[in-house]
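What follows is a single structure, written as structure tokens, with notes after it.
Numbering (my numbering), first residue to last: 5 to 413.
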């Protein structure tokens, strides 16, 4: 095996390690970027993917029907609002699952392209520190996001059991409830029906969470690696033309290599944008509604579900927050390329080096922004706008709820 092949495999191994939680989540619903080992694995993954998709689809459909029935029978805000955040989470999950499946070839190409520009030893101590810090931060963020989502999921799944035993202990007329409020074309309160529905709702909820986590961890990992590569480009530019005797050809070659790397990163960001732009739009649309509705439930309704709802709120805030954070990080890391080029020793180079360095600075001034179908950029200002809209919706619902209470009196 040649040194190039060895470096390629080592780089791929490092990238795969940074994606370990995301790929684990995707395997749970039958999607993987690794070619199947045999026919059995291929058909098993296909069947699991189809079952997962159909379960989430029915879960969403049944919630839509239940919302329609509730609206027709009793259009009270306190009865309608608690239904929307679970529906929104499911709708967002199926969109992400479909996006992963339909664009899996694009994601595979993104990962292959990343391997070819991945930094490998020998590296300067400053560059190695940037790489290590970036990978450590990404691992911490992924672990926190993974744990928060799973904790919220199992609090929801176990709430009916906990409530049943609590009411039994209190001597109340205990009834075993359901995880979600959905419609079924049979008597879900019969013994067999109740068991089937409870198992189905657990599976549907787990699949929704796997789809959500898998997509978000893939996006944040790739975005984090792009930011790391841009910061390594900063470091390389700062080492241009140090004090002492100058080698003009070496300086020129150094600048050209940095320009080529910057061009590849720009192209890579465009491919990342194409792969995730629709998912980002759906994220923005549903996040405000989900946050607003779950805050309404926490503040005014269902005290027994307060822990589950708070974890749901935390996962929503973290989910859209990390997407906006890493998108914003790419934007600023690219903008800083020109600054680091200017802070280099360019004044020690010959005119032709200065001329091509000007092109690099000018190109870095053109923003690289990940968008939501070009409607808006994904950045921290967008995150702030989502939170502001969520509060506005909550204030409106709170007013409607108080009006209903006052009218009832």
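Every residue, glycine too, gets a C-beta built ideally from N, C-alpha and C.
Worksheet item: Roughly how many whole angstroms lie between the Cα atoms of residue 23 and residue 248?
Response: 43 Å
Worksheet entry | Cβ distance (whole Å) where residue 296 is taken to contact residue 397 below 8 Å | 4 Å
Worksheet item: What residue does the alpha helix (DSSP H) around residue 108 start on, and which one ends it?
Response: 108 to 120
Discussion item. Can you tell me whether residue 4 is helix, strand or coil according to DSSP?
Written reply: In the structure displayed, the chain extends from 5 to 413; residue 4 sits before or after that span and is not available.
Worksheet item: From this set, 98, 241, 16, which residue's C-alpha is nearest residue 116's C-alpha?
Response: 16
Worksheet item: Terminal residues of the continuous alpha helix (DSSP H) containing residue 187?
Response: Here residue 187 belongs to no alpha helix (DSSP H), and DSSP marks it neither H nor E.
Discussion item. Does residue 381 come out as helix, strand or coil in the three-state DSSP assignment?
Written reply: strand
Worksheet item: Can the beta-carbon of residue 372 be found closer than 9 Å to that of residue 338?
Response: yes
Worksheet item: Which residue from 102, 403, 366 puts its Cα closest to that of residue 214?
Response: 102
Fill in: Simplified DSSP state of residue 23, which is helix, strand or coil
coil
Discussion item. Cutting at 6 Å between CB atoms, please list the residues of its own chain near residue 89, excluding the five before and the five after it.
Written reply: 294, 297, 298
Fill in: 4 or more residues per run - each alpha helix (DSSP H) lying fully within the segment 186 to 274
195 to 242
Worksheet entry | Reduced DSSP secondary structure (H/G/I, E/B, other) of residue 33 | coil
Discussion item. Taking 8 Å as the cut-off, does the segment 164 to 176 touch the segment 145 to 156 (at least 3 CB pairs, one atom from each stretch)?
Written reply: no
Item to complete: Whole angstroms is fine: what's the gap from residue 134's alpha carbon to residue 240's?
Response: 12 Å
Discussion item. My output table needs one value for residue 178: the three-state DSSP class, helix, strand or coil.
Written reply: coil
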